[in-house]
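Let me begin by presenting the structure, written as structure tokens, before commenting on it.
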Amino acid sequence: MIVEVPVSIGELLDKLSILRIKLKNFSPGPKRDNVQREHDALQTVADTRGLRHPELETALDQVNGRLWKVEDELRVLETRQDFGMEFIALARAVYYTNDERAALKQRLNTHFGSSLVEEKQYVDYRAPGATEPGGSTLGGD
-1 MIVEVPVSIG ELLDKLSILR IKLKNFSPGP KRDNVQREHD ALQTVADTRG
49 LRHPELETAL DQVNGRLWKV EDELRVLETR QDFGMEFIAL ARAVYYTNDE
99 RAALKQRLNT HFGSSLVEEK QYVDYRAPGA TEPGGSTLGG D
């Protein structure tokens, strides 16, 4: 059975990006076969509607790839019960990177005129003079 659910265009293209990363990282077998099946079904939807933006899709692949690595590294540290500075930096990187991801999804929604959009509302952690994980200084708004 398949349930069809309306989603924003950014959400669809983000899901495809994540599925591409899974296809690169999963070993052959039933799990990868399921990922391939889902990818193919969603790619057909995107293709039949002309939803292609290579530049933003590549950027989304890069951001989602970074998230994949960060979350893997966090899980390794979690198994070691190592919650030191590296863990803190990686945990911070998750929400900074997710914010990049949300901005790309919003750009895709705007570009394609998506009638559905994903809205976010969080505490503003980007204080002037604060630093991102990795040490670069944030300008603040």
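Following our numbering, the numbering of the sequence shown begins with -1 at its first residue and continues without gaps. C-beta: ideal position from N, C-alpha, C; glycine also. Just so we're clear, the structure is a prediction, and the values are computed from it rather than from any experiment.
- prompt: Beta-carbon separation of residue 196 and residue 45 under 8 Å?
  reply: The shown model of the chain, from -1 to 139, leaves out residue 196, and the question about it has no answer.
message: With a threshold of 7 Å on Cβ separation, who are the neighbours of residue 71 within its own chain once the five nearest residues in sequence on each side are excluded?
response: If we look at residue 71 and ignore the five residues flanking it on each side, its Cβ neighbours are 88.
query: In chain order, what residues of the same chain lie with their CB nearer than 8 Å to the CB of residue 40, ignoring the 5 residues before and after it?
result: 10, 13, 14 and 17
message: Among the candidates 29, 42, 49 and 122, whose CA atom is the shortest distance from the CA of residue 107?
response: 49
- prompt: Does the segment 92 to 101 touch the segment 65 to 81, meaning 3 or more C-beta pairs lie closer than 8 Å?
  reply: The segment 65 to 81, when compared against the segment 92 to 101, does touch it at the 8 Å Cβ threshold.
field: Beta carbon of residue 43 nearer than 8 Å to that of residue 102
entry: Contact check for residue 43 against residue 102 fails: the beta carbons are separated by 8 Å or more.
query: So what's residue 130 in DSSP terms, helix, strand or just coil?
result: Here residue 130 sits in coil by DSSP.
field: Through-space distance from residue 83 to residue 6, alpha-carbon basis
entry: 37 Å
- prompt: Taking buried to mean at least 16 other C-beta atoms within 10 Å of its own C-beta, is residue 112 buried or exposed?
  reply: Looking at its Cβ environment, which holds 16 or more other Cβ atoms inside 10 Å, residue 112 is buried.
field: Cut-off 6 Å between Cβ atoms - residues of its own chain near residue 85, not counting five sequence neighbours on either side
entry: 75
Cβ-based neighbour list, residue 24, same chain, cut-off 7 Å, excluding 5 preceding and 5 following: 30 and 33
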